[in-house]
Structures are given as C-alpha cells and as structure tokens.
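The numbering of the sequence shown is my numbering, which starts it at 1207 and goes up by one. Even glycine gets a Cβ: it sits at the ideal position worked out from N, Cα and C.
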Amino acid sequence: MPPQHIGLALSGAVARGPAHLGVLKVLLREGIPIEIVSGASAGALIGALYCANFDLATALEIAKTIGWMQVVTPVWPRRGFVSFNRLERWVAELLHDACFEDLARPMVVVATDLQTGEPTLLRTGRVARAVHATCAVPFFVEPVEIDGRLYGDGGASNNLPVAAARELGADFVIGVDMFRPDFERGLGPVGIGLGALENLVRRSGGGLEAADLLISPDDLKGATYFNFNKALEMVEIGARAAEAALPKLRAALGR
C-alpha cells in the first residue's frame, strides 16, 4: 500500500543549508507531496521557509543574502562567544513572526536540551525562536532559553530528525543528510579529529538508519560549512543528489 503521508527530515548543515532547496526543487517538480517537515539547525530554517509557503525562487534569493553579519553578534563570553539574536529577528521578519500553528503545513524543530542532553521537539510558539535555538552551536553560540530550559543546536542530539517527522504523522520519511564526513589526510591529526567530529554529529539521533529513503550527496567532499557565498553551488549539489535518488523514490512510492 502506498504511503499516505510523506515527511521530509532536513539535517543540520550550516552554510550547506541551501542544498536542501535543491532537493525540494526536484521533489516538487516531480509532484512528491511533502506534507510534514522536521528540521535541525540549518535544515529547520529551510524547512520553515517551505512550510510558510515561500516559493523556491524567493527562498533561494533569501539564502543568497544571508551571511554571518546578518546572524551574529559578539557577546561577553559567559555562555558563548556570539549571539544569534540577529538570526531570530531576521527569521521573525521573514515569517511575520509566525507561530507553528500559522504555518501552511505541520513542522517540528529539534533542539538539544543542554541540561539533559536530550533532543526536544519544538512545535508550538514562535518559529523564529525555535530556529534560533536549534542553530545555537554549544560553546560558540549563546544557548536559547524557552520556558525556563536552555537549548542549543539540534545536531548535537538528533541531526536528522526522522522520528520527529513520524511523530507528526508521516508514514514515509525522506531524510536529507548534508553532513557528510570529509577525512583530510593532509591535515594530520586535525583532519582526523574533524572527520570524527563530523561523523559524530551526522550519526546523532539515529536518523540515517531510520529514514525510509536517504538523500545524501556524494559530491560534498570539500564543500564549505562556513561560506554562505556558495549558496547556488549548494543548491546544485542538493538537486543532483535528489535526481539520483528518484528511481528508488518512485519505486518506494509505487510510481
């Protein structure tokens, strides 16, 4: 029996986030009805734009304008070295400060409760606040307080939130993983350490194995996590990966 409700789980990726737009571009072109979205970190931002009914052309223009100056404010390092308050204000302005209940389709954002280390599903209240929370990388970025709890990057506990999409009712979840490890031999122990850290984040939460279909680009080697000027390149990488996954996806959906 074909699945009734298709969900999309979008991983964290920092500046690789626009690659999610490339995936969405292909899925929508193919008429794949994405009814439910879950996201962590940058995946939550892209998911929020989609769930707020931004067309892809507008979302891409938005992605091309974002940069560190739009999201970061240096702070006295009591809980972090920078604040993402600017990011929250920017997202609030884009979404007219929407709450989850105002979105065109169900969405859940996964953030990490820094006091317990557990992933937390944020699906009520202000979307901009939830996006701020899931993007707040511990140590570097100040955590975000919501209802008396401190939250940070969703990637620390559940980088590909497949189970979260299922909780909203998805019976088939497409996972989009943009956090591929890149082992750089030339960097010696630093390269080994960074590759291991990428792998830890990528596998947090078990979403890779839980997805019904996984889209994970093979050509992310050397792709930036930090240069937002590569948005168009990231979109193309995401689109190519989605195109490659179409035969399996069509078969799984009985098309």
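- Per the C-alpha coordinates, the member of A1258, P1349, M1275 positioned closest to R1284 is P1349.
- Beta-bridge analysis with DSSP links M1313 to V1243.
- The beta carbon of E1442 sits closer than 7 Å to those of G1228, all from its chain and outside the five residues before and after it, given in chain order.
- Using a 10 angstroms sphere on the CB of D1424, the tally of other CB atoms stays under 16, which defines it as exposed.
- Annotation: the continuous beta strand (DSSP E) that includes V1379 extends over 1378–1382.
- Taking the Cα positions, V1288 is about 27 Å away from L1426.
- Counting along the chain, the unbroken beta strand (DSSP E) around G1213 starts and ends at 1212–1216.
- In the three-state scheme derived from DSSP, where H, G and I count as helix and E and B as strand, G1253 is classed as helix.
- The Cβ-Cβ distance between N1405 and A1246 does not fall below 8 Å.
- With contacts defined by Cβ atoms closer than 8 Å, R1292 and M1440 do not form a contacting pair.
- With respect to the 8 Å criterion, D1377 and L1414 are not classified as neighbours on the basis of their beta carbons.
- In the three-state reduction of the DSSP assignment, T1330 falls in the coil class, being assigned neither a helical nor a strand state.
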